[in-house]
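Numbering (this note's numbering), first residue to last: 3 to 435. Beta carbons: idealized from backbone N, C-alpha and C, even for Gly. Following: one structure in structure tokens, then a few remarks.
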């Protein structure tokens, strides 16, 4: 870790140029950029590939389900492993396995051995990999920058990821012109670059004490979050906000029946939140939230809900695009503050397990949110579903002001050791992955 990692929370806020001089972080940032773009390309290719093979919407849904289930089932065990082993090596292994998946699909297309069963089986592999990659990446970032830079680092990481999420599918779509094998080949190349960059990563690493895998150690992240009220408030706030306020599942209905735009409009509607999130993440990289972080977090969730209400009742395509873009920006404020707060409140020995629980909350809220949108739309219609969800999100933000006063009153993102937690052992000199 950088020698300035022990700087007090009251020291001057480092600049963006200071962040770019943190070589381990920039190595990891670049690796995640390539890895995320490759992952997006691979997911787009698998979806298109499956539909070409079967012409079945059910099979498309199964691809998503087969990726979600192993990620959910393995998350807590993965968090335990992340806290007990070298996180950089885990991330590198995840990139390598995904590269192998892309290679298998490339060979299957070239040899004409591609089948529905192969795509579903490899979707299971990708879901299992995700269970390890997400907590490992989240828990690794605090080891690469000083605590005073963490909020800026989280925002810059989010900017890169949003750029990759936008650009990855677009690049994959362009490469489809040359053939599906080209898309798979490009994703393999990107995963190789990401893996090599992580393997070249150098950061301070202290081997953790090896504990046997027990229910107590596996569920330690759940226990920690439950007892640490600011962390519980932040994580549960995001869960309920996404659960109630998501409208992604209903965008095809809005594009076709309400805004009357067609497929091109649907593409713009789906991309608008990501564009808003990208712009906000760049702004937060330049000027992080330094004061009143708890109140800002709750107000951002309230604004997200308000945007959903505006989108729900809008009959104007332009107004709908703006509402979705602003909702993406508000959600990015939530993401950066929440992730920074959770990482700073969690001792390093627990970060993998806490990040794993956080990933369960995120995954469950996205999946259940789509189900909630569909179910309420069946009862209330699409407009009623989105508006009720947006109002519910605003009510959640107001309720959390009362339920979690320690979160609402949080002023700064400062390192706060949990009561009874032991100081982290002195860190050894930097060693390679």
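*Three-way DSSP call (helix, strand, coil) for residue 204 in this model*: The residue you call residue 204 lines up with position 202 of the chain shown. Reduced to three states, the DSSP call for residue 204 is strand.
_Could you compute how far the alpha carbon of residue 17 sits from the alpha carbon of residue 385?_
Taking the first residue of the chain shown as 1, we reach residue 17 at position 15. Taking the first residue of the chain shown as 1, we reach residue 385 at position 383. When only Cα atoms are considered, residue 17 and residue 385 end up about 44 Å apart.
*Can you give me the start and stop residues for the alpha helix (DSSP H) that residue 1 sits inside?*
Residue coverage of the chain in this structure runs from 3 to 435, which leaves residue 1 outside it and unanswerable.
*Check each candidate in 34, 387, 125, 319 and name the one with the smallest Cα separation from residue 167.*
As a working note, residue 167 is residue 165 in the chain shown. Among 34, 387, 125, 319, the Cα nearest to that of residue 167 belongs to 34.
_Alpha-carbon spacing of residue 189 relative to residue 310, whole angstroms_ = Residue 189 sits at position 187 when you count from the first residue of the chain shown. Residue 310 sits at position 308 when you count from the first residue of the chain shown. Each residue's Cα considered, the two are about 34 Å apart.
_Three-state secondary structure assigned by DSSP to residue 291_ = As a working mapping, residue 291 is identified with position 289 in the chain shown. Note: residue 291 maps to coil in three-state DSSP.
_I want to know whether the stretch 275-292 touches the stretch 329-346 - three or more CB-CB distances under 8 Å._
yes
*Can you give the beta carbon distance from residue 355 to residue 138, rounded, assuming they're within the 8 Å contact cut?*
Along the chain shown, one-based indexing puts residue 355 at 353. Along the chain shown, one-based indexing puts residue 138 at 136. So it is not a contact: roughly 12 Å between Cβ atoms.
*Using the C-alpha atoms, what's the distance from residue 55 back to residue 45?*
To locate residue 45, count along the chain shown from 1; it is residue 43. To locate residue 55, count along the chain shown from 1; it is residue 53. Cα to Cα, the separation comes out at about 15 Å.
*Identify whether residue 259 lies in helix, strand or coil by the three-state DSSP scheme.*
One-based indexing of the chain shown puts residue 259 at position 257. Helix, per DSSP.
*Among the residues of its own chain, which have a CB less than 7 Å from the CB of residue 319, if the five just before and after it don't count?*
Residue mapping note: residue 319 aligns to position 317 of the chain shown, counting from 1. If we look at residue 319 and ignore the five residues flanking it on each side, its Cβ neighbours are 261, 263, 267.
*Below 7 Å CB to CB, which residues in the same chain sit around residue 182 once its five sequence neighbours on both sides are set aside?*
Position 180 of the chain shown holds residue 182. Excluding positions up to five away in sequence, the list reads 47, 51, 111.
_Residue span of the alpha helix (DSSP H) that contains residue 238, given as start and end_ = Sequence index remark: in the chain shown, residue 238 carries index 236 (1-based). In this chain, the alpha helix (DSSP H) harbouring residue 238 covers 231-247.
*Below 7 Å between beta carbons: does that hold for residue 415 and residue 342?*
Your numbering for residue 415 matches position 413 in the chain shown. Your numbering for residue 342 matches position 340 in the chain shown. Taking 7 Å as the Cβ cut-off, residue 415 and residue 342 qualify as a contacting pair.
*asked:* Quick check: residue 26 and residue 205, are their CB atoms within less than 7 Å of each other?
replied: Translated into positions along the chain shown, residue 26 becomes position 24. Translated into positions along the chain shown, residue 205 becomes position 203. Yes; because the gap between Cβ atoms is below 7 Å, this pair is in contact.
_Where residue 2 falls, given that 16 or more other Cβ within 10 Å makes a residue buried_ = Only positions 3 to 435 of the chain appear in the structure, and residue 2 is not among them; the question remains open.
_Segment contact flag, the stretch 293-305 with the stretch 391-399, C-beta cutoff 8 Å, min 3 pairs_ = Yes, the stretch 293-305 touches the stretch 391-399.
*Whose CA, out of 90, 334, 77, 361, lies closest to the CA of residue 201?*
Translated into the one-based positions of the chain shown, residue 201 becomes position 199. Answer by Cα proximity: 90.
*Indicate whether residue 185 and residue 169 have their beta-carbon atoms separated by less than 7 Å.*
Residue mapping note: residue 185 aligns to position 183 of the chain shown, counting from 1. Residue mapping note: residue 169 aligns to position 167 of the chain shown, counting from 1. Judged by their CB atoms, residue 185 and residue 169 are not nearer to each other than the 7 Å cut-off.
*Cβ atoms of residue 149 and residue 42: under 7 Å apart, would you say?*
As a first step, residue 42 is located in the chain shown; it is residue number 40 there, counting from the start. As a first step, residue 149 is located in the chain shown; it is residue number 147 there, counting from the start. For residue 42 and residue 149, no; Cβs fall outside 7 Å.
*By Cβ distance, which residues of its chain are closer than 8 Å to residue 99, with the 5 residues on each side in sequence left out?*
If you number the chain shown from 1, residue 99 lands on position 97. Closer than 8 Å at Cβ, skipping near neighbours: 127, 131.
*For the alpha helix (DSSP H) that contains residue 110, what are its first and last residues?*
The residue labelled residue 110 in the question sits at position 108 within the chain shown. Residues 89-113.
*Assigned secondary structure, residue 58 (DSSP; H/G/I helix, E/B strand, else coil)*: Within the chain shown, residue 58 is the residue found at index 56, counting from 1. DSSP places residue 58 in coil when its eight states are reduced to three.
*Residue interval of the alpha helix (DSSP H) (run including residue 221)*: If you number the chain shown from 1, residue 221 lands on position 219. From DSSP, residue 221 is part of no alpha helix (DSSP H); its letter is neither H nor E.
*asked:* Using C-beta distances below 6 Å, list every residue in its chain close to residue 32, excluding the 5 sequence neighbours before and after it, in chain order.
replied: As a first step, residue 32 is located in the chain shown; it is residue number 30 there, counting from the start. Answer for residue 32: 199, listed in chain order.
*Compare the C-alpha of residue 80 against each of 147, 233, 358, 390 and name the closest.*
The count along the chain shown starts at 1 and reaches residue 80 at position 78. Ranking the options by Cα distance to residue 80, first place goes to 358.
*Reduced DSSP category for residue 117 - H, G, I as helix; E, B as strand; rest coil*: As a working note, residue 117 is residue 115 in the chain shown. Note: residue 117 maps to coil in three-state DSSP.
*For residue 22, is the classification buried or exposed, using 16 other Cβ atoms within 10 angstroms of its Cβ as the cut-off for buried?*
Residue mapping note: residue 22 aligns to position 20 of the chain shown, counting from 1. In the assembly as shown, residue 22 is an exposed residue. Its beta-carbon has fewer than 16 other beta-carbons within 10 Å.
*Secondary structure at residue 411, three-state DSSP: helix, strand or coil?*
The sequence position of residue 411 within the chain shown is 409, counting from 1. The answer is coil: DSSP assigns residue 411 none of H, G, I, E or B.
*Taking DSSP as the reference, what is the three-state secondary structure of residue 355?*
For the purposes of this step, residue 355 is identified with residue 353 of the chain shown, where counting begins at 1. In the structure shown, residue 355 sits in a helix (DSSP, three-state: H, G or I).
*asked:* Once DSSP output is grouped into helix, strand and coil, what is the label at residue 406?
replied: As a first step, residue 406 is located in the chain shown; it is residue number 404 there, counting from the start. Three-state result, residue 406: coil.
_Which same chain residues end up closer than 6 Å to residue 147 when comparing Cβ atoms and leaving out the 5 residues on each side of it in sequence?_
By 1-based counting over the chain shown, the position of residue 147 is 145. Once the five neighbours on either side are set aside, the close Cβ partners of residue 147 are 24, 27, 155.
*Could you check if residue 115 is buried or exposed, using at least 16 other CB atoms within 10 Å of its CB as the buried criterion?*
Here residue 115 corresponds to residue number 113 of the chain shown, with the count starting at 1. With fewer than 16 other Cβ atoms within 10 Å, it is exposed.
*List the endpoints of the continuous alpha helix (DSSP H) containing residue 350.*
Within the chain shown, the letter at position 348 stands for residue 350. Looking at the DSSP string, residue 350 is not in any alpha helix (DSSP H), and its letter there is neither H nor E.
*Between the CA atoms of residue 317 and residue 134 - distance to the nearest angstrom*: For the purposes of this step, residue 134 is taken as residue 132 along the chain shown, with counting starting at 1. For the purposes of this step, residue 317 is taken as residue 315 along the chain shown, with counting starting at 1. Rounded to whole angstroms, residue 134 to residue 317 spans 42 Å at the Cα level.
*Nearest to residue 61 (by Cα), restricted to the options 92, 118, 78*: Taking the chain shown and counting its residues from 1, one reaches residue 61 at position 59. Residue 61 has its Cα closest to that of 118, out of 92, 118, 78.
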